[in-house]
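To keep things clear, I will list the structure first and then write my remarks on it.
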Amino acid sequence: MSKKVTMQQIADHIGISKFAVSKALSGKPGVSPETREKIINAATQFGYLAQKRSKPASRRAEQNKAQTGQPNTIIVLLPNVRYQNRQSVYWGRIVDGITNALKQHELGMMIVTEQIADNFAQLINPKAVLGLVGVGLISNQQLLEVRNLGLPFVLVDHEDLLIPSDVLFMNNYECMRRVANYLLGRGHRKLQFVGNIRFSRSFQDRWLGFRSMLEENGVPLVQDPRLLEFEGDDRSEMAAALEPVLKDLAARKELPTSFVCANDSIAICVMGLLMNMNIDIPAACSVTGFDNIDDAALFNPSLSTVHVNKEALGQRAVETLLRRIGHPDGPKEKILLAGDFLIRESTAAAP
Numbered sequence: 001m002s003k004k005v006t007m008q009q010i011a012d013h014i015g016i017s018k019f020a021v022s023k024a025l026s027g028k029p030g031v032s033p034e035t036r037e038k039i040i041n042a043a044t045q046f047g048y049l050a051q052k053r054s055k056p057a058s059r060r061a062e063q064n065k066a067q068t069g070q071p072n073t074i075i076v077l078l079p080n081v082r083y084q085n086r087q088s089v090y091w092g093r094i095v096d097g098i099t100n101a102l103k104q105h106e107l108g109m110m111i112v113t114e115q116i117a118d119n120f121a122q123l124i125n126p127k128a129v130l131g132l133v134g135v136g137l138i139s140n141q142q143l144l145e146v147r148n149l150g151l152p153f154v155l156v157d158h159e160d161l162l163i164p165s166d167v168l169f170m171n172n173y174e175c176m177r178r179v180a181n182y183l184l185g186r187g188h189r190k191l192q193f194v195g196n197i198r199f200s201r202s203f204q205d206r207w208l209g210f211r212s213m214l215e216e217n218g219v220p221l222v223q224d225p226r227l228l229e230f231e232g233d234d235r236s237e238m239a240a241a242l243e244p245v246l247k248d249l250a251a252r253k254e255l256p257t258s259f260v261c262a263n264d265s266i267a268i269c270v271m272g273l274l275m276n277m278n279i280d281i282p283a284a285c286s287v288t289g290f291d292n293i294d295d296a297a298l299f300n301p302s303l304s305t306v307h308v309n310k311e312a313l314g315q316r317a318v319e320t321l322l323r324r325i326g327h328p329d330g331p332k333e334k335i336l337l338a339g340d341f342l343i344r345e346s347t348a349a350a351p
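Quick note on the UniProt record's numbering: the sequence shown kicks off at 1 and runs consecutively.
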């Protein structure tokens with residue numbers, strides 16, 4: 001039988017103090033992000049996290065419900081309150097799906113939207129919480145705190161490779177392959193992907209799907225790296241970052257026949273900039289998006305995009321969490337929901 005891995009072994013391996021290892025693995029502040037990542041990596045490789053089983057949170061919550069008569073509570077964690085909120089045309093619809101599912105199961109909900117700097121446990125009473133649904137990007141420090149509290153949790157549109165959990169995504173890779181395949185079938189051979197591939201796991205998967213379809217069809221990938229790394233939290237910021245890039249491509253007569261955008265907001269920015277440059281859409285250049293937000297159909301020309309059933313993502317997240325609570329030792333699941341490519345006015349045959 002293998003010996004139990006200790007914090008001291010992890011500390012000796014990295015060359016730091018046991019105290020720093022303890023702080024990092026408990027999710028407490030005071031350790032730099034780089035050191036924290038090294039510690040979590042080592043703990044994962046040594047099997048330290050695997051040997052620490054979660055507390056029986058579901059049983060504790062059931063006892064609490066019996067004692068207090070209050071409904072069990074699910075935490076919905078939305079860390080980036082600037083754009084991941086109830087008003088968001090994307091994230092808000094996911095939360096709507098979570099809310100409806102919880103109502104069906106007669107469960108309470110507490111939304112946590114603050115970027116938590118201190119101990120997560122100070123915000124909640126773990127004995128009254130049944131589990132947690134995390135929506136969007138969540139730091140591994142926060143996930144460690146949730147894990148150390150013994151709370152079952154499910155992540156939507158995010159995955160932490162160092163802290164395994166049940167996760168739900170759209171099938172971003174295959175959906176984007178379908179978009180690229182359609183454009184190739186319409187004769188497009190000069191395509192550019194638009195989206196910061198470091199922004200989220202979904203953007204990265206969409207980029208990989210786009211790239212793989214071009215490679216399979218023998219179409220050279222001539223990607224402008226500036227379109228893969230621009231910054232911007234809203235459309236005005238993204239448009240300001242993209243405008244000089246598109247003008248430069250046009251000046252050098254290197255505009256593609258199609259822009260394949262990582263989401264609809266980016267696509268709408270690209271279309272607005274192209275129209276300001278008197279470039280006809282779709283006669284001179286096609287544009288596609290992803291997510292099918294309300295603005296996609298309302299824009300002129302209407303945007304071809306992948307329909308994401310955002311409410312279904314939220315609904316399935318609750319169902320997955322309840323299954324995890326009932327089967328705490330079952331294998332972790334990665335659930336991919338299919339999407340439909342909606343062909344509208346922004347795409348046409350290559351000029």
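Yeah, the Cβ is synthetic: ideal placement off N, Cα and C, and Gly gets one too.
Q: Note down the Cα distance separating Asp295 from Leu107, rounded to an integer number of angstroms.
A: Here residue 295 corresponds to residue number 295 of the sequence shown, with the count starting at 1. Here residue 107 corresponds to residue number 107 of the sequence shown, with the count starting at 1. Approximately 33 angstroms between the Cα atoms of the pair.
Q. What does Ile111 pair with, by DSSP beta-bridge criteria?
A. Here residue 111 corresponds to residue number 111 of the sequence shown, with the count starting at 1. According to DSSP, which records beta bridges pairwise, Ile111 is partnered with Val76.
Q: Measure from the alpha carbon of Asp319 to the alpha carbon of each residue in Arg36, Val21 and Val133, then state which is nearest.
A: Residue 319 sits at position 319 when you count from the first residue of the sequence shown. Residue identity differs from the one stated: residue 319 is Glu in this sequence, not Asp. The shortest C-alpha separation from Glu319 is found at Val133.
Q) Is the distance from the Cβ of Leu151 to the Cβ of Val179 below 8 angstroms? A) In the sequence shown, residue 151 corresponds to position 151, counting from 1. In the sequence shown, residue 179 corresponds to position 179, counting from 1. No.
Q.
Tell me whether the stretch 233 to 242 and the stretch 202 to 216 touch, counting them as touching only if at least three CB pairs, one residue from each stretch, are closer than 8 angstroms.
A. no
Q. Are there 16 or more other CB atoms within 10 angstroms of the CB of Ser17, so buried, or fewer, so exposed?
A. Position 17 of the sequence shown, counted from the first residue, corresponds to residue 17. Under this definition Ser17 is an exposed residue.
Q | Those runs of the alpha helix (DSSP H) which lie wholly inside the stretch 253 to 320 and span at least 4 residues | A | Look at the stretch 253 to 320 and you find these whole runs of alpha helix (DSSP H), each 4 residues long or longer: 264 to 276 and 294 to 298.
Q) Any idea what DSSP makes of Leu249, helix, strand or coil? A) What you label residue 249 is simply residue 249 of the sequence shown in a count that begins at 1. Helix, per DSSP.
Q | Span separating the alpha-carbon of Leu161 from that of Asp280 | A | As a first step, residue 161 is located in the sequence shown; it is residue number 161 there, counting from the start. As a first step, residue 280 is located in the sequence shown; it is residue number 280 there, counting from the start. In a straight line, the C-alpha of Leu161 is about 43 angstroms away from that of Asp280.
Q) Quick one, which of Leu242, Gln223 and Pro225 has its alpha-carbon nearest Gly232's? A) Locating residue 232 in the sequence shown gives position 232, counting from the first residue. For the residues Leu242, Gln223 and Pro225, the minimum Cα distance to Gly232 belongs to Leu242.
Q. Can Asp264 and Ile293 be called in contact, C-beta distance under 8 angstroms?
A. As a position in the sequence shown, residue 264 is number 264, starting the count at 1. As a position in the sequence shown, residue 293 is number 293, starting the count at 1. In this structure, Ile293 lies closer than 8 angstroms to Asp264 by Cβ.
Q) Is it right to say Val31 is buried, meaning 16 or more other beta carbons lie within 10 angstroms of its own, or is it exposed? A) Position 31 of the sequence shown, counted from the start, is the residue given in the question as residue 31. Result: buried.
Q. Do Ile98 and Gly314 have their C-beta atoms within less than 8 angstroms of each other?
A. As a working note, residue 98 is residue 98 in the sequence shown. As a working note, residue 314 is residue 314 in the sequence shown. Going by C-beta atoms, Ile98 is nearer than 8 angstroms to Gly314.
Q) Going by the beta-carbon positions, is the gap between Val260 and Val194 smaller than 8 angstroms? A) To locate residue 260, count along the sequence shown from 1; it is residue 260. To locate residue 194, count along the sequence shown from 1; it is residue 194. Taking the C-beta atoms as reference points, Val194 is found nearer than 8 angstroms to Val260.
Q | Element boundaries [beta strand (DSSP E), containing Asp96] | A | Within the sequence shown, residue 96 is the residue found at index 96, counting from 1. Careful: Asp96 lies outside any beta strand (DSSP E), inside the alpha helix (DSSP H) at Trp91 to Gln104.
Q: Pull up the distance between the alpha-carbon of Gly272 and that of Glu37, whole angstroms please.
A: Within the sequence shown, the letter at position 272 stands for residue 272. Within the sequence shown, the letter at position 37 stands for residue 37. Rounded to whole angstroms, Gly272 to Glu37 spans 40 angstroms at the Cα level.
Q) If you run the structure through DSSP and keep just helix, strand and coil, what is Gly339? A) Here residue 339 is taken as the residue at index 339 of the sequence shown, counted from 1. Of the three classes helix, strand and coil, the one that applies to Gly339 here is coil, per DSSP.
**Q.** Val5 (DSSP reduced to helix, strand or coil)
**A.** By 1-based counting over the sequence shown, the position of residue 5 is 5. Coil at Val5, not helix or strand.
Q. For Glu345, which residues from the same chain have a beta carbon less than 6 angstroms from its beta carbon, with the 5 sequence-adjacent residues on both sides left out?
A. For this step, residue 345 is matched to residue 345 along the sequence shown. Contacts found: Pro301 and Ser302.
Q) Would you report the Cα separation of Leu214 and Asn172, rounded to the nearest angstrom? A) By one-based count along the sequence shown, residue 214 stands at place 214. By one-based count along the sequence shown, residue 172 stands at place 172. Roughly 16 angstroms between the two C-alpha positions.
**Q.** Through-space distance from Glu159 to Gln9, alpha-carbon basis
**A.** Position 9 of the sequence shown, counted from the start, is the residue given in the question as residue 9. Position 159 of the sequence shown, counted from the start, is the residue given in the question as residue 159. Looking at the two C-alpha atoms, the distance is approximately 27 angstroms.
Q: Would you kindly check if the distance between the Cβ of His188 and the Cβ of Ser286 is under 8 angstroms?
A: By 1-based counting over the sequence shown, the position of residue 286 is 286. By 1-based counting over the sequence shown, the position of residue 188 is 188. Result yes, Cβ atoms of Ser286 and His188 sit closer than 8 angstroms.
Q | Rounded Cβ spacing between Arg186 and Ala349 (contact assumed at less than 8 angstroms) | A | Here residue 186 corresponds to residue number 186 of the sequence shown, with the count starting at 1. Here residue 349 corresponds to residue number 349 of the sequence shown, with the count starting at 1. At roughly 5 angstroms, the Cβ-Cβ gap stays under 8 angstroms, so Arg186 and Ala349 are in contact.
(Q) According to DSSP, is Gln142 part of a helix, a strand, or is it coil? (A) For the purposes of this step, residue 142 is identified with residue 142 of the sequence shown, where counting begins at 1. Residue state, collapsed to three classes: helix.
Q: Whole angstroms is fine: what's the gap from Gln67's alpha carbon to Leu149's?
A: Here residue 67 refers to the residue found at position 67 when the sequence shown is read from its first residue. Here residue 149 refers to the residue found at position 149 when the sequence shown is read from its first residue. With a pLDDT of only 45 at Gln67, under the threshold of 50, the placement of this residue in the model should not be trusted; the figure read from the coordinates follows. Distance between the alpha carbons of Gln67 and Leu149 is about 20 angstroms.
Q: Check whether the Cβ atoms of Leu246 and Leu228 lie closer than 8 angstroms to each other.
A: In the sequence shown, residue 246 corresponds to position 246, counting from 1. In the sequence shown, residue 228 corresponds to position 228, counting from 1. In this structure, Leu228 does not lie closer than 8 angstroms to Leu246 by Cβ.
(Q) Can you check which of these residues, Asp234, Arg226 and Ile268, is closest to Asp248 by C-alpha distance? (A) Mapped onto the sequence shown, residue 248 falls at position 248. Of the listed residues, the one whose Cα sits closest to Asp248 is Arg226.
Q | Limits of the alpha helix (DSSP H) - the one that Val179 falls within | A | On the sequence shown, position 179 is the one that residue 179 refers to. Val179 -> alpha helix (DSSP H) spans Asn172 to Gly185.
**Q.** CB of Glu311 within 8 angstroms of CB of Asp166, strictly
**A.** If you number the sequence shown from 1, residue 311 lands on position 311. If you number the sequence shown from 1, residue 166 lands on position 166. Cβ distance not < 8 angstroms, so Glu311 and Asp166 don't count as in contact.
Q: Could you check what DSSP says for Asp205 in three-state terms: helix, strand or coil?
A: Residue 205 sits at position 205 when you count from the first residue of the sequence shown. In the structure shown, Asp205 sits in a helix (DSSP, three-state: H, G or I).
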